[in-house]
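Line by line, the protein sequences give chains S and W.
Our numbering applies: residue 1 is where the first sequence begins, and numbers increase by one.
Our numbering applies: residue 1001 is where the second sequence begins, and numbers increase by one.
Quick notes on the structure that follows.
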Amino acid sequence: MIADWPSLVSYGSPQVRRACSAPQHNLPREGNYRERTRPYYRRVVTKLEGNELKRSRSVMIALVFLYGANIPGAIAQTDGSGMLSVVIMFFAEANAHNIGCGGRGDRSQIDKGAASALFVEQSVSDRRGSSMALGRNNGF
Amino acid sequence: MADLAIYCTKHQDTDLKFTLAKPLSQEVDGDHGNVIVPLVLDFKEGGTPLRANGLANVVLLKNRETWKISAFTFTQQ
């Protein structure tokens, strides 16, 4: 009597090998264990596969959430384009408004145009430059 | 920018033109980031046209959802 089908399959017992290889109609009824247990075995395996599939999907989604946010490349791809557009805009404005080189003694181009909005804040020297350009409290 | 203007005035640099190339690197660490981009700088010094090839390192800070420039340096190659 074959008691445990999966363990016998894994060990490759002679009874199972014979049951699998021999023609079904030549086997005695009590020995055709594979044929009798197949529907039940299939049903169990299908159910386990479904659960395993759901479990593996959940694990995969969790891993994506856990590790996906920590991939520097991913962050760089999402945020990098924003940084680059600011840099490109700054140098375009610098070319358009002659920023940083408004001519000798000419500070009027500084801190004007869209470029000023691209900076975090004006430095002390920039504030001094602006006030000089506006003729306020500059001592001249 | 005012410091750059002072430098330009001192060295009689005029007509600066920046030409960007493809960025070498973009790195983000939280709300800090920096972009290193090759830069060709054409300018006139005392009326003489000059060209400088170098790298610009632009340091940025993220204020809410907007990146803003904190500082930039230019290094001639």
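Glycine included, every Cβ here is placed at the ideal spot set by N, Cα and C.
Between which two residues does the beta strand (DSSP E) containing residue i stretch?
i: V120(S); result: First-last for V120(S): undefined, no H or E at that position.
i: A1021(W); result: It is not in any beta strand (DSSP E) - A1021(W) carries neither H nor E in the DSSP assignment.
i: E1045(W); result: H1032 to E1045
i: Q1076(W); result: T1066 to Q1076
Can you tell which of the options has the C-alpha that lies nearest to the C-alpha of residue i?
i: T1019(W); options: A117(S), G82(S) and F90(S); result: F90(S)
i: T945(W); options: I1006(W), L1004(W) and L1016(W); result: Outside the displayed span of chain W (1001 to 1077) sits residue 945(W), for which this structure offers no information.
i: L1060(W); options: Q1076(W), H1011(W), H1032(W) and K1044(W); result: H1032(W)
i: T1075(W); options: N1057(W), A1021(W) and K1062(W); result: N1057(W)
i: P1023(W); options: G1054(W), T1066(W) and A1071(W); result: G1054(W)
i: S1025(W); options: P1038(W), E1045(W) and F1043(W); result: P1038(W)
i: F1043(W); options: A117(S), A94(S), L118(S) and F119(S); result: A94(S)
i: A1071(W); options: V1035(W), E1065(W) and H1011(W); result: V1035(W)
So, does the CB of residue i fall closer than 9 Å to a CB anywhere in chain W?
i: G50(S); result: no
Any beta carbon of chain S sitting closer than 9 Å to that of residue i?
i: A1021(W); result: no
i: T1048(W); result: no
i: Q1026(W); result: yes
i: L1055(W); result: no
Short-range partners of chain S found in the stretch 1059-1071 of chain W, where Cβ spacing is below 9 Å: L1060, L1061, K1062, N1063, E1065, T1066, W1067, K1068, I1069, S1070 and A1071
Residues of the stretch 1004-1018 of chain W whose Cβ lies closer than 9 Å to any Cβ of chain S, in chain order: L1004, A1005, I1006, Y1007, C1008, T1009, Q1012, D1013, T1014, D1015, L1016, K1017 and F1018
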